[in-house]
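Protein chains in written order, with the numbering used here: chain A, 2 to 157; chain B, 11 to 114. Following: one structure in structure tokens, then a few remarks.
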């Protein structure tokens with residue numbers, strides 16, 4: 002039997018914000034606000050970002066990475082809203098695509114817990130990473146990039 | 011997952027093994043081809059190969075008397091994933107969310 006072509010990964014991150022849950026939730030539902038923290042970031046050029054914030058609605062982000070082995074390639078993040086409970090919960094499914102290749106599909110869950118005037122946010126991602134989506138050339142580049150990073154990590 | 015990452019990192023912490031992985035990133039090689047640039051016995055090379063295989067970084071297969079080594083993509087995905095990290099992407103995002111929240 003051939004090797005599995007999918008690697009699975011799950012992680013959670015918790016953050017506490019000194020704002021009310023309604024305000025935190027708004028930063029997910031308001032396209033202008035969400036673009037600022039979700040899409041715009043160091044090393045990314047955002048070409049477009051659109052949100053249709055309703056269950057079954059879609060969010061699309063087109064961007065390019067400035068550095069590394071895939072610099073300049075068009076990346077896209079296609080997100081579908083699976084569950085929305087105002088100020089409490091937001092579940093989405095999203096695909097990451099690099100050029101013509103789908104690299105992963107994920108389920109992501111945002112839970113908001115009110116703590117007096119603060120909010121605890123719990124983010125959980127369950128992802129399937131696809132093998133062979135990167136092509137031989139990119140895999141080689143990926144290895145070079147990985148080994149250089151590793152050398153730095155190890156103080157080499 | 012994190013235990014596997016630990017083994018992958020241990021395997022890659024050795025200069026010789028890292029060079030072997032670099033060589034193999036250009037394509038499969040036989041054990042003796044892989045041994046060529048190194049000043050060590052074939053037995054020592056085989057030990058490194060076995061360690062790389064046991065943590066899933068490479069796979070080997072025999073054709074007649076020749077044992078061929080090849081990079082294993084699943085381990086690459088796991089290590090790459092860990093390093094370049096979807097998690098770190100989200101950590102940065104959630105830090106920026108904090109900034110956006112405190113701005114207005």
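For every residue, glycine included, the Cβ atom is placed at its ideal position computed from N, Cα and C. Since the structure is predicted, the reported quantities are computational estimates derived from the model, not experimental observations.
Any non-hydrogen atom of the ligand NAD within 7 Å of residue i CB
i: residue 75 of chain B; result: What this structure holds is no ligand at all, so the ligand NAD is not there to describe.
Short CB-CB distance (under 8 Å) between residue i and chain B
i: residue 100 of chain A; result: no
i: residue 38 of chain A; result: yes
i: residue 54 of chain A; result: no
i: residue 57 of chain A; result: no
i: residue 87 of chain A; result: no
Inter-residue Cα distance where the pair is residue i and residue j
i: residue 114 of chain B; j: residue 43 of chain A; result: 21 Å
i: residue 77 of chain A; j: residue 65 of chain A; result: 9 Å
i: residue 129 of chain A; j: residue 110 of chain A; result: 15 Å
i: residue 94 of chain A; j: residue 51 of chain A; result: 16 Å
i: residue 40 of chain A; j: residue 127 of chain A; result: 20 Å
i: residue 45 of chain A; j: residue 20 of chain A; result: 28 Å
i: residue 96 of chain B; j: residue 103 of chain A; result: 15 Å
i: residue 68 of chain B; j: residue 81 of chain B; result: 4 Å
i: residue 54 of chain A; j: residue 68 of chain A; result: 31 Å
i: residue 136 of chain A; j: residue 19 of chain B; result: Any reading at residue 136 of chain A is ruled out, since the residue's pLDDT is 46, under 50, leaving its predicted position unreliable.
i: residue 122 of chain A; j: residue 110 of chain B; result: 15 Å
i: residue 40 of chain B; j: residue 28 of chain B; result: 17 Å
i: residue 112 of chain B; j: residue 33 of chain A; result: 15 Å
Beta carbon proximity, residue i to chain A, threshold 8 Å
i: residue 63 of chain B; result: no
i: residue 72 of chain B; result: no
i: residue 101 of chain B; result: yes
i: residue 110 of chain B; result: yes
Among the options, the one whose alpha carbon lies nearest that of residue i
i: residue 124 of chain A; options: B:27, B:104, B:41; result: B:104
i: residue 77 of chain B; options: B:45, B:100, B:97; result: B:45
i: residue 108 of chain A; options: A:48, A:80, A:62; result: A:80
i: residue 38 of chain B; options: B:73, B:79, B:23, B:32; result: B:79
i: residue 49 of chain A; options: A:37, A:57, A:58; result: A:37
i: residue 17 of chain B; options: B:35, B:63, B:57, B:50; result: B:63
request  = Decide yes or no for the touch test of the segment 24-31 of chain A against the segment 6-15 of chain A: beta carbon pairs closer than 8 Å, at least 3 of them.
outcome  = no
request  = Could you run through the segment 71-84 of chain A and flag, in chain order, every residue whose CB is less than 9 Å away from some CB of chain B?
outcome  = none
query = If contact means a Cβ-Cβ distance below 7 Å, which residues of the segment 11-36 of chain A contact chain B?
reply = 12, 14, 16, 18, 20, 24, 25, 28, 34
key: Residues within the segment 109-129 of chain A neighbouring chain B, beta-carbon criterion of under 8 Å   = 122, 124, 126, 128
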